[in-house]
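Chains as they are written, first to last, in my numbering: chain A, 1 to 224; chain B, 1 to 168. We put the beta carbon where it would ideally sit given N, CA and C, even for glycine. Below is one structure, written out as structure tokens, with a few remarks after it.
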Amino acid sequence: MNTSDIKILLEKYWDCDTSIEEELQLKSYFSKSDIAPELASYSDLFSLISTQSTLKTSVSLPDTSTLEIHDILDKYWACTADLNEEATLKSYFAGNDIDKSLLPFTDLFQVLHSESKLTVGNIAIERTVEDTSPSVSKPKKSFSIPTKWIAVAASLLLVSVLWFNTDVLNPQSETAFAEYAVQSEEEALEVTMEALAFLSGKLDKSSNKIKNDIKRVSNASLLK
Amino acid sequence: MKHLLFIFLSFVLTTTAFSQGAIEKYFSKYEDDEKFSAVYVSPKMFKMAAKVLSEQENQDLQDVVKDLKGLRILKVEDPTGSYFKEARSMIPTDEYELLMTARDEGQKLHFLTKDNNDVIEELLLFVGGEEFVVMSFIGKIDLEKIAKLAKSLDIEGAEHLGKLGEKN
């Protein structure tokens, strides 16, 4: 690369228009010993930039997964983490690659992880995300009337039926129709005889009339 | 389920009880009505009357009265026939069976019976016309014996009910 090309790149560099490749070309040029005299004044600047670019940063920023774990932890302490996020925390702290900032929580989540593995005899029961899903069946809605209320209702019903139908259950009750009941046996006999006479007269007459009607119909020439 | 069955049985019991009391309710409705003449002969009075009757010679009458346990009669002027219609409409047809209907001298006659194992336990007689009369005979009713009484008593017709008016 000749001096004029370097000058053009430098112009672009000052205007912040250079690409990374072009900056690398500038660094490469100024790192060499055969620098054109008119460009020697920039040699120190680019050698400094080149040196700084090789320095390792002493402060390491947390990577994406660590930040994500911090976010989930915040939700965990606020009790808003869902089951999948809790599983993520458990699996993270169960591993070996734990960020220093998260090391204080390692023991806690390892205890939780071990407690989730229950052993009954020889059968190991491991709670999984599916296992921890709400498995409690909803209580059946049932409508039941307390027995004592049924007893009260039955008693009231029975009393009301008896109250309104006393004369039905005991049609010959002397209290019913007492106001117009006959008061002596002679009077009772007289009324009964009159009623029976009336009834028997009408009954006899009506039945005879029916018999005669039947006889007349049976004797009708139309039916013969 | 048991609760539902209990409620259903209670309902049936209640409705049955009320339907059984239809004729009683009808008598109760008009017993205090001044327009009506009413008579009630209780079972106790029938027993006493039967003793008095035993001293007489009419065996047919004795045979009928000894089986009777109650008698109720209502009588009222009914030129429009409204009382007759009302009373007939109140009688449950599933409980009382129509024995016969007849027309005699301008009167409508309806005979109804309430039976139990072919034994008539109650006989209702509705008479419609210028006067409305309803009679309820309770006891063991023998229709043949009652029909015989027409000759032995030698009385006939509605004129013999005239004394009912003197009761009220």
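| Query | Result |
| --- | --- |
| Look at the Cβ atom of B/Leu153, then the Cβ atom of B/Leu123, and state whether they are nearer than 9 Å. | no |
| Would you kindly work out how many angstroms separate the C-alpha atoms of A/Asp107 and A/Phe93, rounded to a whole number? | 8 Å |
| So, at 7 Å on beta carbons, what are the nonlocal neighbours of A/Leu9 in its own chain, with the 5 sequence-adjacent residues on each side left out? | Thr18, Glu22, Gln25 and Leu26 |
| So what does DSSP say about B/Lys66, is it helix, strand or coil? | coil |
| Expressed to the nearest angstrom, what Euclidean distance is found between the alpha-carbon atoms of A/Ile214 and B/Glu105? | 20 Å |
| Determine whether the beta carbon atoms of A/Thr192 and B/Ala150 lie at a separation below 9 Å. | no |
| Does B/Met201 come out as helix, strand or coil in the three-state DSSP assignment? | Outside the modelled stretch of chain B, which goes from 1 to 168, sits residue 201 of chain B, for which no answer is possible. |
| What residue range does the beta strand (DSSP E) around B/Glu95 cover? | Segment: none, B/Glu95 is in no beta strand (DSSP E) and carries neither H nor E. |
| Take B/Phe132 and list the residues in its own chain whose beta-carbon comes closer than 6 Å to its own, dropping the five residues that flank it on each side. | Val76, Asp78, Tyr83 and Phe84 |
| Mark A/Ser4 as exposed unless 16 or more other C-beta atoms lie within 10 angstroms of its C-beta, in which case mark it buried. | exposed |
| Taking 7 Å as the limit between beta carbons, can you name the residues of its chain near A/Ile72, skipping five residues before and five after? | Ala81, Glu85, Thr88 and Leu89 |
| Excluding the 5 residues preceding and the 5 following B/Leu68 in the sequence, name in chain order all residues of the same chain whose CB lies nearer than 6 Å to its CB. | Phe46 and Gly139 |
| Tell me the DSSP bridge mates of B/Ile138? | B/Gly70 and B/Glu122 |
| If you draw a straight line from the alpha carbon of A/Leu196 to that of B/Ile146, how long is it in whole angstroms? | 7 Å |
| In whole angstroms, give me the CA-to-CA distance for B/His160 and A/Ala151. | With a pLDDT of only 45 at B/His160, under 50, the local geometry of the prediction cannot be trusted, and no value is derived from it. |
| B/Glu36 by DSSP, collapsed to three states: which one? | The sequence as given places Phe at residue 36 of chain B; Glu does not occur at that position. Of the three classes helix, strand and coil, the one that applies to B/Phe36 here is coil, per DSSP. |
| Tell whether a beta-carbon distance below 9 Å holds between B/Lys108 and B/Gly129. | yes |
| Considering Cα atoms alone, identify which of B/Lys35, B/Met135 and B/Val52 is closest to A/Glu190. | B/Val52 |
| Identify the continuous alpha helix (DSSP H) that holds B/Phe27 and give its terminal residues. | Ala22 to Tyr30 |
| Between A/Leu55 and A/Ile35, what straight-line distance do the alpha-carbon atoms span, to the nearest angstrom? | Only weak support exists for where A/Leu55 lies, its pLDDT of 49 falling under 50; the value from the coordinates is given anyway. If I take the Cα positions, the gap works out to 25 Å. |
| In whole angstroms, give me the CA-to-CA distance for B/Val119 and B/Asp142. | 8 Å |
| Taking only beta-carbon positions, decide if A/Ala87 is within less than 9 Å of chain B. | no |
| Any Cβ of chain A within less than 9 Å of the Cβ of B/Ser82? | no |
| Would you mind telling me which residues of chain B sit closer than 8 Å to A/Ile69, beta carbon to beta carbon, in chain order? | Those within 8 Å of A/Ile69 in chain B number zero; the least Cβ separation is about 58 Å. |
| Assuming A/Ser47 contacts A/Ser31 under a Cβ cut-off of 8 Å, what Cβ separation, rounded to an integer in Å, is found between them? | 7 Å |
| For A/Met1, which residues of its own chain have a beta-carbon under 7 Å away from its beta-carbon, when the five flanking residues on both sides are left out? | Gln25 and Tyr29 |
| Is there a C-beta anywhere in chain C that falls below 9 Å from the one on B/Ala147? | Of the protein chains in this structure, namely A and B, none is chain C. |
| Is the beta carbon of B/Ser37 sitting closer than 9 Å to the one on B/Leu61? | no |
| Using Cβ-Cβ distances below 8 Å, what residues of the region 190 to 214 of chain A are close to chain B? | Glu190, Val191, Thr192, Met193, Glu194, Ala195, Leu196, Ala197, Phe198, Leu199, Ser200, Gly201, Lys202, Leu203, Asp204, Lys205, Ser206, Ser207, Lys209 and Ile210 |
| Answer yes or no: does any C-beta atom of chain A fall closer than 9 Å to that of B/Tyr96? | no |
| Pull up the distance between the alpha-carbon of A/Glu194 and that of A/Pro146, whole angstroms please. | 58 Å |
| Identify the residues that DSSP records as bridge partners of B/Glu131: which are they? | B/Glu77 |
| To which residues of the same chain is B/Arg103 closer than 8 Å at the C-beta, ignoring the five residues directly before and after it? | Leu109 |
| In the DSSP output, which residue or residues are listed as bridge partners for B/Gln107? | B/Asp104 |
| Could you work out which residues of chain A lie near B/Leu150, taking near to mean beta carbons separated by less than 7 Å? | It is worth fixing the name first, because residue 150 of chain B is Ala in this sequence and not Leu. The contacting residues are Ser200, Gly201 and Asp204. |
| Using C-beta distances below 6 Å, list every residue in its chain close to B/Met90, excluding the 5 sequence neighbours before and after it, in chain order. | Ala22 and Tyr26 |
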